[in-house]
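Here the sequence shown stands for residues -19 to -1, 1 to 141, where the numbers follow mature numbering (1 follows the signal peptide of the UniProt record, and there is no 0).
Each residue gets a CB set at the ideal place from its N, CA and C atoms; glycine is no exception.
Computed from a prediction, not measured in an experiment: that's the story for all the values here.
Okay, structure first, notes after.
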Amino acid sequence: LNRFSLFVKMRLIILFVSSVPVSPSSFCLSWSDAMSSCTHLVGGSHLADLKTTEDLLFVSSYLQSDNHLLLLWTGLNDQQVTCLPLWSDGSPYNQTNTMTLLPANQTDCFAFQRNATGPGYFLTPFFCDFTLPFICQYQSKLRTQCISINQILLILLNIA
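Here is the structure:
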């Protein structure tokens, strides 16, 4: 558990953030390797799709307590069609408020970046081959508002 932070949202989205304060580089991956790593954590997991303002604020508020996370990979990318960002589930990105000074034709993956001038994080296009921490998402198929400790332990065993 010391290698991963885990939190549960009432909609039963479980997010795993790869981070280790002592040696963050050992848990930093390129975008495609991060996507692959998320996919292998638990069936149905993937890089996080932060589609709504609520999702962005929820994850941002959680990350505020982790001062060393400046950039981390999300599921947003425009690798299939340049300038048409899609989430990892194939749904379109419906906002245009990303900030970057980097060339659009070389930055096909999107990172969640800490705002240096204010609170929170924002999405920014970034170089896919850079290694960054990443955030994975798993949408539980359960209909209840409870997750049993056995399910959480099974997930933790799969990521340890």
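Can you pull the DSSP bridge partners for proline 73?
-> Here residue 73 refers to the residue found at position 92 when the sequence shown is read from its first residue. Partner(s): Leu67.
Compute the beta-carbon to beta-carbon distance between alanine 29 and cysteine 117, rounded to the nearest angstrom, for a pair I have assumed lies under 8 Å.
-> One-based indexing of the sequence shown puts residue 29 at position 48. One-based indexing of the sequence shown puts residue 117 at position 136. Rounded, the Cβ-Cβ distance is 6 Å, consistent with contact.
Do leucine 67 and proline 114 have their C-beta atoms closer together than 8 Å?
-> Working through the sequence shown from its first residue, we reach residue 67 at position 86. Working through the sequence shown from its first residue, we reach residue 114 at position 133. No, they are not a contact pair.
Run through DSSP, which three-state label would alanine 15 get?
-> To locate residue 15, count along the sequence shown from 1; it is residue 34. Looking at alanine 15 - three-state DSSP - the assignment turns out to be helix.
How many Å lie between threonine 20 and leucine 31 at the Cα?
-> Your numbering for residue 20 matches position 39 in the sequence shown. Your numbering for residue 31 matches position 50 in the sequence shown. Whole-angstrom Cα-Cα distance: 17 Å.
Between serine 17 and histidine 27, what straight-line distance do the alpha-carbon atoms span, to the nearest angstrom?
-> Here residue 17 refers to the residue found at position 36 of the sequence shown. Here residue 27 refers to the residue found at position 46 of the sequence shown. Each residue's alpha carbon lies about 8 Å from the other.
List the residues that DSSP assigns as beta-bridge partners of phenylalanine 91.
-> Stepping through the sequence shown from its first residue, residue 91 is reached at position 110. Paired residues: Pro106.
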